[in-house]
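Residue numbers (the working numbering): 1 to 360.
Where a beta carbon is used, it is the ideal one built from N, C-alpha and C, also for glycine.
The structure presented is a predicted model; accordingly, all values stated were derived computationally and were not measured.
A short write-up of the structure that comes next.
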């Protein structure tokens, strides 16, 4: 029987409104014991030279706990609203979203925090530089006045970015009491000490620990390198997203080697999803959703004209819910996502990836 525990995300003793259910204690895996492309020269060699510095940086970004960078108490104080939920964002395990509300069905602010976001010199030139908490920070105000991005550089091309978005209605009584960039500025100031030394996942400040966050998607994508041959390359585009490509880039050809005719890319990403199996058996917007079993895990394949997306539930006995009080609150699971030209390729790749990165 699955035991239900109140494993809320914790930061500075504040309960951050997330609950996990698990068949046993969830243990964190320290990033120092994980294998990544930077630990295996053969894998790093498979990355084009122009992308190797970014690949090495991604390892450090994966070790940072984005939810531990949030300060819900400060968010409530600054906005005057209440914390509704704090969960890893669906767009990647390097992101965490904090939502604020004035009551049921009255969402106000959403604070998306992204670790390792692309933030190059061009974007910095277009933003407004400020010193917040003693550190150089960049602010970008949305033209419509409903949002603001606040960026704290991590290196020359990446940053921790706080995406502040306001979702109150346009009626006069529901107007926000603070401008988006003012909220972002004050929020980053309140969290300055934490942001100055970003907490690592292995400190266990948030719970449950995300097993996939300790893994490198390029290690999974590397399962295709042998099949693709000498011209294959790895193409990491985000901390938790990596592609295996054939027929592209510098490794595909050169003066002494003709470019390979076959051109294909399969991407592997680690993420979370709300009820990933909910669309099984349905056709939505012309996309068929089919149930699969990959190894010993449940999965769903979504086939479309552009290819096939297969999402494999990493551990069906461990999940998070945003609202612990709601009996039927949707469950959020960790997933391994493979995007490929066909569902056969996606399923075969998913099986190779799971074998490569290990079983739970």
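Between the alpha carbons of residue i and residue j, how many angstroms are there, rounded?
i: residue 212; j: residue 299; result: 16 Å
i: residue 83; j: residue 282; result: 34 Å
i: residue 239; j: residue 308; result: 22 Å
i: residue 85; j: residue 102; result: 13 Å
i: residue 302; j: residue 89; result: 21 Å
i: residue 306; j: residue 341; result: 7 Å
i: residue 60; j: residue 158; result: 12 Å
i: residue 279; j: residue 289; result: 6 Å
i: residue 311; j: residue 352; result: 14 Å
i: residue 253; j: residue 56; result: In this prediction, residue 253 has a pLDDT of 47, which is less than 50 and means its spatial position is unreliable; what the coordinates show is noted afterwards. Taking the straight line from one Cα to the other gives about 25 Å.
i: residue 209; j: residue 62; result: 13 Å
i: residue 241; j: residue 218; result: 7 Å
i: residue 129; j: residue 123; result: 11 Å
i: residue 355; j: residue 297; result: 12 Å
i: residue 52; j: residue 333; result: 31 Å
i: residue 329; j: residue 285; result: 25 Å
i: residue 316; j: residue 263; result: 35 Å
i: residue 168; j: residue 198; result: 31 Å
i: residue 113; j: residue 97; result: 6 Å
i: residue 87; j: residue 164; result: 16 Å
i: residue 73; j: residue 80; result: 10 Å
i: residue 138; j: residue 54; result: 21 Å
i: residue 104; j: residue 42; result: 52 Å
i: residue 335; j: residue 245; result: 22 Å
i: residue 293; j: residue 327; result: 28 Å
i: residue 205; j: residue 291; result: 35 Å
i: residue 141; j: residue 196; result: 23 Å
i: residue 50; j: residue 304; result: 32 Å
Rank the options by C-alpha distance to the C-alpha of residue i and give the top, closest one.
i: residue 64; options: 345, 86, 93; result: 93
i: residue 161; options: 81, 149, 311; result: 149
i: residue 186; options: 143, 203, 75; result: 75
i: residue 125; options: 313, 151, 357; result: 151
i: residue 127; options: 231, 181, 115; result: 181
i: residue 121; options: 130, 144, 156; result: 156
i: residue 207; options: 52, 337, 321, 350; result: 321
i: residue 200; options: 115, 132, 223, 130; result: 115
i: residue 202; options: 192, 196, 214; result: 214
i: residue 117; options: 331, 154, 247; result: 154
i: residue 313; options: 327, 73, 331; result: 331
i: residue 270; options: 91, 168, 318; result: 91
i: residue 192; options: 131, 205, 164, 216; result: 131
i: residue 44; options: 142, 164, 141, 216; result: 216
Output yes or no for whether 8 Å exceeds the beta carbon distance between residue i and residue j.
i: residue 46; j: residue 233; result: yes
i: residue 99; j: residue 107; result: yes
i: residue 236; j: residue 119; result: no
i: residue 95; j: residue 48; result: no
i: residue 69; j: residue 194; result: yes
i: residue 243; j: residue 265; result: yes
i: residue 190; j: residue 71; result: yes
i: residue 78; j: residue 183; result: yes
i: residue 133; j: residue 188; result: yes
i: residue 338; j: residue 349; result: yes
i: residue 361; j: residue 223; result: Any answer about residue 361 is impossible in this case: the structure gives the chain only from 1 up to 360.
Quick check on residue i: buried or exposed, where buried means 16 or more other Cβ atoms within 10 Å of its Cβ?
i: residue 166; result: buried
i: residue 136; result: exposed
i: residue 357; result: buried
i: residue 295; result: exposed
i: residue 144; result: exposed
i: residue 318; result: buried
Output yes if chain D places a C-beta closer than 8 Å to the C-beta of residue i; else output no.
i: residue 48; result: Considering every chain present, this structure includes no chain D. It has just one protein chain.
* Contact between the region 176-189 and the region 108-124: three or more CB pairs below 8 Å? -> Yes, the region 176-189 touches the region 108-124.
* Between the region 339-346 and the region 271-279, are three or more C-beta pairs nearer than 8 Å? -> Counting Cβ pairs under 8 Å, fewer than three are found: no touch.
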